[in-house]
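Colleague: Just so we're aligned, residue 628 is where the sequence shown starts under this note's numbering, counting upward by one.
Below is the structure I would like to discuss, written out as structure tokens.
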Amino acid sequence: MRNKVKLFFISILLLFNLTGCSNNSKKESSPVEINAESKSKTQNENIYKQEFRFMNNNISFPFKLNDILNIQADENTAFETESSCIYSSIWFNELRLGRVMISDCHLDDKDINDKDIVYLRIEPDFVTDDFDFDYQGLTIGSSKDEILNKMGEPDEDTGKNMKYYFDNDIQVEFSLSLKDILYSFTITNYEFSD
């Protein structure tokens with residue numbers, strides 16, 4: 628089973644490696660619906676900002692890997708992108724918590740823990756008593772209605788992914804299961820390019 632999981636992550640990592648990444652804030656047009664009224668409201672109110680709680684640490688985005696105690700990047704699945712970023716899974720003990728993108732570093736760097744995280748996707752394999760995450764009162768397992776009540780209408784909505792953009796180039800994304808339950812949360816100021 629662990630080999631299948633590793634193979635899956637290597638496939639995902641290769642996909643990101645092929646697409647590359649850039650750290651510009653230019654938003655490309657997309658076939659998804661963009662709610663202009665909500666985008667303006669989200670940017671102007673600035674009440675949601677970039678603060679959240681993750682694994683019993685209060686975090687403000689962007690942050691460094693060593694800002695989250697007891698979290699490790701997986702050296703076995705890490706790879707370097709064409710734009711000098713490291714993309715890796717993150718772990719807490721035996722629990723895979725998600726993925727990070729670390730900016731301005733290389734695989735042979737001695738200490739990546741003090742480099743900026745520019746992309747964090749929280750998507751645990753399963754939730755245990757040790758797992759801790761809260762963004763504006765929303766957690767893994769929150770419903771779509773709870774997200775909409777807390778955040779308002781998203782700037783982009785594909786039905787199962789809701790994105791909110793903020794005027795400090797930060798975006799958050801809520802990914803929903805088939806039953807409209809939050810299973811993955813992403814916060815980033817990183818723009819992937821084709």
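For glycine and all other residues, C-beta sits at the position ideal for the given N, C-alpha and C.
Here the structure is a predicted model, which means the values were calculated and not measured.
Please state whether the Cβ-Cβ distance between K737 and I729 is less than 8 Å.
Modeller: As a position in the sequence shown, residue 737 is number 110, starting the count at 1. As a position in the sequence shown, residue 729 is number 102, starting the count at 1. Taking 8 Å as the Cβ cut-off, K737 and I729 do not qualify as a contacting pair.
Colleague: Since D735 is in the alpha helix (DSSP H), which residue starts that stretch and which ends it?
Modeller: In the sequence shown, counting from the first residue as 1, residue 735 sits at position 108. Here D735 belongs to no alpha helix (DSSP H), and DSSP marks it neither H nor E.
Colleague: CA-CA distance, Y810 and C732?
Modeller: For the purposes of this step, residue 810 is identified with residue 183 of the sequence shown, where counting begins at 1. For the purposes of this step, residue 732 is identified with residue 105 of the sequence shown, where counting begins at 1. Answer to the nearest angstrom: the Cα atoms are 29 Å apart.
Colleague: Starting from the Cα of K771, find the closest Cα among T708, D735, M789 and give me that residue.
Modeller: By 1-based counting over the sequence shown, the position of residue 771 is 144. Distance check between K771 and each of T708, D735, M789 places M789 closest, using alpha-carbon atoms only.
Colleague: Thinking C-alpha only, which one of F719, L775, M778 is nearest I749?
Modeller: Locating residue 749 in the sequence shown gives position 122, where the first residue counts as 1. I749 has its Cα closest to that of F719, out of F719, L775, M778.
Colleague: Alpha carbon to alpha carbon, how far is Q670 from L775?
Modeller: Along the sequence shown, read from residue 1 onward, the residue named residue 670 stands at position 43. Along the sequence shown, read from residue 1 onward, the residue named residue 775 stands at position 148. Any reading at Q670 is ruled out, since the residue's pLDDT is 42, under 50, leaving its predicted position unreliable.
Colleague: Taking L775 as part of the alpha helix (DSSP H), name the residues at either end of that continuous run.
Modeller: As a first step, residue 775 is located in the sequence shown; it is residue number 148 there, counting from the start. In the DSSP assignment, L775 falls within the unbroken alpha helix (DSSP H) covering 771–778.
Colleague: Fully enclosed by the region 698–749, which beta strand (DSSP E) runs are 3 residues long or longer?
Modeller: 713–719, 722–729, 743–749
Colleague: Terminal residues of the continuous beta strand (DSSP E) containing M789?
Modeller: As a first step, residue 789 is located in the sequence shown; it is residue number 162 there, counting from the start. Element bounds for M789: 788–792.
Colleague: Give the DSSP-derived three-state secondary structure of D694 in the structure shown.
Modeller: To locate residue 694, count along the sequence shown from 1; it is residue 67. Here D694 sits in helix by DSSP.
Colleague: Quick one: is E709 buried, meaning 16 or more other Cβ sit within 10 Å of its Cβ, or exposed?
Modeller: Residue numbering aside, residue 709 sits at position 82 when the sequence shown is read from its first letter. Label assigned to E709: exposed.
Colleague: Between which residues of its own chain and S711 is the CB-CB distance below 8 Å, once the five residues before and five after are set aside?
Modeller: As a working note, residue 711 is residue 84 in the sequence shown. Hits under 8 Å: S730, D731, C732, H733.
Colleague: According to DSSP, simplified to helix, strand and coil, what is E655?
Modeller: Here residue 655 refers to the residue found at position 28 of the sequence shown. Residue confidence for E655 is low, a pLDDT of 41 falling below 50, so the modelled location carries little weight and cannot support an answer.
Colleague: Relative to the alpha-carbon of G786, which residue among D807, Q798, K777 has its alpha-carbon at the smallest distance?
Modeller: What you label residue 786 is simply residue 159 of the sequence shown in a count that begins at 1. For the residues D807, Q798, K777, the minimum Cα distance to G786 belongs to D807.
Colleague: Locate the beta strand (DSSP E) running through E818, then write down its first and last residues.
Modeller: The residue you call residue 818 lines up with position 191 of the sequence shown. Going by DSSP, E818 is part of no beta strand (DSSP E) at all; its letter is neither H nor E.
Colleague: The beta strand (DSSP E) with V799 in it runs from where to where?
Modeller: Here the question's residue 799 lines up with position 172 in the sequence shown. From DSSP, the beta strand (DSSP E) with V799 extends over 798–803.
Colleague: With a threshold of 16 other CB atoms inside 10 Å of the CB of D735, please say whether the residue is buried or exposed.
Modeller: As a working mapping, residue 735 is identified with position 108 in the sequence shown. With fewer than 16 Cβ atoms within 10 Å of its Cβ, D735 is classed as exposed.
Colleague: To the nearest angstrom, how far is it from the Cα of G764 to the Cα of I698?
Modeller: Against the sequence shown, residue 764 aligns to sequence position 137. Against the sequence shown, residue 698 aligns to sequence position 71. G764 and I698: Cα-Cα distance of roughly 22 Å.
Colleague: What residue does the beta strand (DSSP E) around I686 start on, and which one ends it?
Modeller: Position 59 of the sequence shown, counted from the start, is the residue given in the question as residue 686. Run containing I686: 684–687, per the beta strand (DSSP E) assignment.
Colleague: Please confirm whether V745 and L692 have their CB atoms less than 8 Å apart.
Modeller: Against the sequence shown, residue 745 aligns to sequence position 118. Against the sequence shown, residue 692 aligns to sequence position 65. No, Cβ-Cβ distance for V745 and L692 is not below 8 Å.
Colleague: If I713 sits next to I739, beta carbons under 8 Å apart, how far is it from one beta carbon to the other, in whole angstroms?
Modeller: As a position in the sequence shown, residue 713 is number 86, starting the count at 1. As a position in the sequence shown, residue 739 is number 112, starting the count at 1. Confirmed, Cβ separation roughly 6 Å.
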